[in-house]
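Note that the UniProt record's numbering has the sequence shown beginning at 1, numbered continuously upward. Backbone N, C-alpha and C fix where the C-beta goes; we use that ideal spot for every residue, glycine too. Reading through the structure tokens given below for one structure.
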Amino acid sequence: MTQRRLIKNGTIVSMDPGIGDLAHGDVLVEDGTIRAVGPDLGEVDAEVIDATGTIVMPGLVDTHRHTWQAFLRGIAADWTLGQYMTGLHLGLSGFFTTEDTYAGNFAGAVEALDSGITTLLDWSHNVNHAEQSDAAVGALKDSGIRAVFAHGGGADMYQVPSHVPHDEDVRRVREQYFSSDDGLVTMAMALRGPQFATLDITGSDLALARELALPVTLHAGDGEWGRSGPIRAMAGRNLLGPDITYVHCNTLGDDELRLIAESGGSASIAPDIEMQMGHGWPATGRLLAAGIRPGLSIDTCVSNGGHLWGTMRVTLATQRAIDNSEPGASDRPAVSLCSRDVLAFATIDGARVLGLADRVGSLTPGKQADILLVRGDTLSLAPLNNPVGQLVYAAHPGLVDTILVAGVVVKRHGALTGDLSKRACRLAAAHRDALFDRAARSERLADARVGGGWQPAPLAAAQ
Numbered sequence: 001m002t003q004r005r006l007i008k009n010g011t012i013v014s015m016d017p018g019i020g021d022l023a024h025g026d027v028l029v030e031d032g033t034i035r036a037v038g039p040d041l042g043e044v045d046a047e048v049i050d051a052t053g054t055i056v057m058p059g060l061v062d063t064h065r066h067t068w069q070a071f072l073r074g075i076a077a078d079w080t081l082g083q084y085m086t087g088l089h090l091g092l093s094g095f096f097t098t099e100d101t102y103a104g105n106f107a108g109a110v111e112a113l114d115s116g117i118t119t120l121l122d123w124s125h126n127v128n129h130a131e132q133s134d135a136a137v138g139a140l141k142d143s144g145i146r147a148v149f150a151h152g153g154g155a156d157m158y159q160v161p162s163h164v165p166h167d168e169d170v171r172r173v174r175e176q177y178f179s180s181d182d183g184l185v186t187m188a189m190a191l192r193g194p195q196f197a198t199l200d201i202t203g204s205d206l207a208l209a210r211e212l213a214l215p216v217t218l219h220a221g222d223g224e225w226g227r228s229g230p231i232r233a234m235a236g237r238n239l240l241g242p243d244i245t246y247v248h249c250n251t252l253g254d255d256e257l258r259l260i261a262e263s264g265g266s267a268s269i270a271p272d273i274e275m276q277m278g279h280g281w282p283a284t285g286r287l288l289a290a291g292i293r294p295g296l297s298i299d300t301c302v303s304n305g306g307h308l309w310g311t312m313r314v315t316l317a318t319q320r321a322i323d324n325s326e327p328g329a330s331d332r333p334a335v336s337l338c339s340r341d342v343l344a345f346a347t348i349d350g351a352r353v354l355g356l357a358d359r360v361g362s363l364t365p366g367k368q369a370d371i372l373l374v375r376g377d378t379l380s381l382a383p384l385n386n387p388v389g390q391l392v393y394a395a396h397p398g399l400v401d402t403i404l405v406a407g408v409v410v411k412r413h414g415a416l417t418g419d420l421s422k423r424a425c426r427l428a429a430a431h432r433d434a435l436f437d438r439a440a441r442s443e444r445l446a447d448a449r450v451g452g453g454w455q456p457a458p459l460a461a462a463q
């Protein structure tokens with residue numbers, strides 16, 4: 001039996017240039033797919049969702065998140081990148097059980113969903129054995145979010161420079177869970193790249209991904225590691241390609257950004273954490289100059305918030321600050337980066353980065369119905385003088401009233417359906433306590449604790 005939902009009388013921000021924005025409009029959803037968008041779709045035999053007073057827009061897309069770290073939120077608020085590596089990535093990660101992996105991925109995915117992120121790339125680089133991979137995938141599926149599970153292997157693969165090839169269990173995961181690329185949860189490979197592995201290993205890892213027909217995401221240009229010329233090195237081995245997303249890009253040379261563009265590659269940026277942890281200035285403007293429209297990402301909640309509304313503001317403000325610091329900036333006739341650009345980074349451009357632009361990222365008939373209703377009749381946004389600008393500058397998770405993922409209502413009247421929220425919080429607290437208890441009883445991380453006082457030795461000092 002056909003299921004129809006009519007989203008009625010909202011302010012439409014479609015992110016589809018062929019449709020544009022509508023001060024008052026409707027969206028018809030049929031069997032999980034957007035069938036029509038228009039100013040008045042009339043009477044339809046459908047469940048009506050009253051969108052009066054809301055902005056109707058596509059769901060947000062997070063192109064890179066270490067979701068497993070969700071219940072460690074805040075512990076790295078005052079850490080450097082080197083401290084993150086020793087305290088968490090090469091520290092607490094080793095104490096994660098299979099159950100911890102599930103709890104982290106479930107809590108992180110639910111948090112993202114609640115904030116309006118309907119599509120998430122899970123950069124999963126703490127799956128040390130098959131059971132942890134299974135748990136990570138299972139948690140994503142249980143959350144109800146649309147996700148790309150990017151298999152990144154375990155922390156033992158990050159001894160720089162690593163000579164260890166990517167975990168062959170990726171073959172089993174591909175066959176067991178992702179024999180089709182049409183599901184709500186799909187698959188990619190998260191590779192170390194030449195910053196963390198030898199070029200020979202990078203080449204063999206890429207060959208494995210291409211054999212399995214999996215897109216690739218890898219870190220490049222984050223901090224001092226990025227000054228080593230990783231893209232030039234890959235280009236020298238003919239390893240670049242349109243199937244690769246490069247995360248961060250801060251310290252890559254302009255010539256390297258051009259190499260990415262020429263190869264058809266894409267980029268994911270995380271301005272919050274990049275500035276907080278010392279990756280370098282966000283590459284937003286330089287990427288655009290090279291012809292690359294980036295997607296946005298949270299990266300990790302251990303040091304910053306988990307919603308893209310804040311990331312959009314940081315992205316826009318930072319690039320404008322960079323532009324305004326240049327000589328003659330005050331004489332410019334207009335800003336170089338607009339709020340609509342940044343909203344596109346968080347929606348349709350993010351979908352392109354993940355290879356999902358034919359499915360999500362805009363309110364386009366034929367695409368999957370990943371849709372947000374954001375309250376525009378509150379003190380934060382009313383009156384709606386510039387819906388796109390107000391979304392970027394003033395929206396927050398508390399304004400997300402209703403969410404559909406593939407046409408399924410997962411949030412209504414400001415609350416997630418079922419017990420998703422309570423279960424996520426319960427799991428996060430319990431597994432946080434158990435993890436720190438195990439770590440504190442070890443010799444290596446005996447000083448690990450919550451409360452903000454733990455300061456791990458930075459990477460150079462720890463080696």
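Residue i versus residue j - alpha carbon distance
{"i": "Gly82", "j": "Ile322", "result": "26 Å"}
{"i": "residue 465", "j": "Asp45", "result": "Residue 465 lies beyond the stretch modelled for the chain, which goes from 1 to 463, so this question has no answer here."}
{"i": "Phe96", "j": "Leu381", "result": "42 Å"}
{"i": "Thr119", "j": "Trp79", "result": "28 Å"}
{"i": "Gly20", "j": "Ser14", "result": "6 Å"}
{"i": "Ile201", "j": "Asp222", "result": "20 Å"}
{"i": "Ala462", "j": "Ile260", "result": "Because Ala462 carries a pLDDT of 40, less than 50, the predicted location of this residue cannot be relied on, and the following value inherits that uncertainty. Cα-Cα distance, rounded: 34 Å."}
{"i": "Arg146", "j": "Leu184", "result": "5 Å"}
{"i": "Val342", "j": "Asp16", "result": "14 Å"}
{"i": "Ile49", "j": "His24", "result": "14 Å"}
{"i": "Ser133", "j": "Ala150", "result": "10 Å"}
{"i": "Thr106", "j": "Gln69", "result": "Looking at the sequence provided, one finds Phe at residue 106 rather than Thr. Roughly 10 Å separates the two Cα atoms."}
{"i": "Asp182", "j": "Ala439", "result": "40 Å"}
{"i": "Phe137", "j": "Ala130", "result": "Position check: residue 137 holds Val in this sequence, whereas Phe was assumed. Val137 and Ala130: Cα-Cα distance of roughly 11 Å."}
{"i": "His125", "j": "Met57", "result": "32 Å"}
{"i": "Thr2", "j": "Ser421", "result": "30 Å"}
{"i": "Gly361", "j": "Glu326", "result": "33 Å"}
{"i": "Ala40", "j": "Arg375", "result": "Note on identity: in this sequence residue 40 is Asp, with Ala being the wrong assignment. The alpha-carbon atoms of Asp40 and Arg375 are separated by roughly 20 Å."}
{"i": "Arg5", "j": "Ala369", "result": "10 Å"}
{"i": "Ala290", "j": "Asp377", "result": "39 Å"}
{"i": "Ser330", "j": "Gly389", "result": "21 Å"}
{"i": "Asp243", "j": "Arg441", "result": "43 Å"}
{"i": "Arg444", "j": "Pro456", "result": "11 Å"}
{"i": "Ala334", "j": "Ala267", "result": "26 Å"}
{"i": "Leu427", "j": "Asp437", "result": "15 Å"}
Residue nearest to residue i in terms of C-alpha spacing, selected from the options
{"i": "Ile109", "options": "Phe71, Thr86, Thr347, Asp78", "result": "Contrary to the premise, residue 109 reads as Ala rather than Ile in this sequence. Among Phe71, Thr86, Thr347, Asp78, the Cα nearest to that of Ala109 is on Phe71."}
{"i": "Ser228", "options": "Arg237, Gln195, Pro215, Met187", "result": "Gln195"}
{"i": "His66", "options": "Arg412, Cys301, Glu262", "result": "Cys301"}
{"i": "Val379", "options": "Leu373, Ala395, Leu259", "result": "Correcting the residue type first, residue 379 is Leu in the shown sequence and not Val. Out of Leu373, Ala395, Leu259, Ala395 has the C-alpha closest to the C-alpha of Leu379."}
{"i": "Gly265", "options": "Met234, Thr251, Gly376, Gly280", "result": "Met234"}
{"i": "Gly418", "options": "Gly144, Tyr84, Asn128, Ala428", "result": "Gly144"}
{"i": "Ile12", "options": "Thr2, Ala51, Met1", "result": "Ala51"}
{"i": "Gly285", "options": "Pro271, His24, Met277", "result": "Pro271"}
{"i": "Gly407", "options": "Lys8, Gly253, Gly32, Gln3", "result": "Gly32"}
{"i": "Lys367", "options": "Pro383, Val405, Val353, Ser330", "result": "Val405"}
{"i": "Leu288", "options": "Gly280, Gly74, Thr251, Gln319", "result": "Gln319"}
{"i": "Gly452", "options": "Ser303, Ala346, Ala424", "result": "Ser303"}
{"i": "Leu240", "options": "Asp254, Thr251, Ser263, Glu256", "result": "Ser263"}
{"i": "His219", "options": "Leu140, His279, Pro242", "result": "His279"}
{"i": "Gly18", "options": "Arg172, Pro365, Asn128", "result": "Pro365"}
{"i": "Val173", "options": "Met189, Tyr158, Ala415, Ala36", "result": "Met189"}
{"i": "Glu111", "options": "Leu445, Ala424, Ala457, Met277", "result": "Ala424"}
{"i": "Met187", "options": "Lys141, Asp26, Pro230", "result": "Lys141"}
{"i": "Tyr246", "options": "Asn238, Glu224, Trp281, Gly193", "result": "Gly193"}
{"i": "Val314", "options": "Val335, Ile292, Gln276, Asp437", "result": "Gln276"}
Pair within 8 Å by beta-carbon distance, residue i and residue j
{"i": "Gly152", "j": "Trp123", "result": "yes"}
{"i": "Ala103", "j": "His431", "result": "yes"}
{"i": "His64", "j": "Ser297", "result": "yes"}
{"i": "Thr198", "j": "Leu459", "result": "no"}
{"i": "Gly59", "j": "Ile348", "result": "no"}
{"i": "Leu28", "j": "Val410", "result": "no"}
{"i": "Ile34", "j": "Val450", "result": "no"}
{"i": "Ile269", "j": "Cys249", "result": "yes"}
{"i": "Asp100", "j": "Leu435", "result": "yes"}
Integer-rounded CB distance, given that residue j should sit under 8 Å from residue i
{"i": "Pro387", "j": "Ile55", "result": "5 Å"}
{"i": "Leu337", "j": "Leu316", "result": "6 Å"}
{"i": "Gly295", "j": "Gly350", "result": "4 Å"}
{"i": "Leu252", "j": "Val216", "result": "The pair is not a contact, with the Cβ atoms about 17 Å apart (cut-off 8 Å)."}
{"i": "Leu212", "j": "Val170", "result": "7 Å"}
*At least three beta-carbon pairs within less than 8 Å, the segment 388-406 to the segment 306-318*: Taking a cut-off of 8 Å for Cβ pairs, the segment 388-406 and the segment 306-318 touch, as three or more such pairs fall below it.
*Mind the definition here: the segment 159-170 touches the segment 201-214 only if three or more C-beta pairs lie below 8 Å; say whether that holds.*
yes
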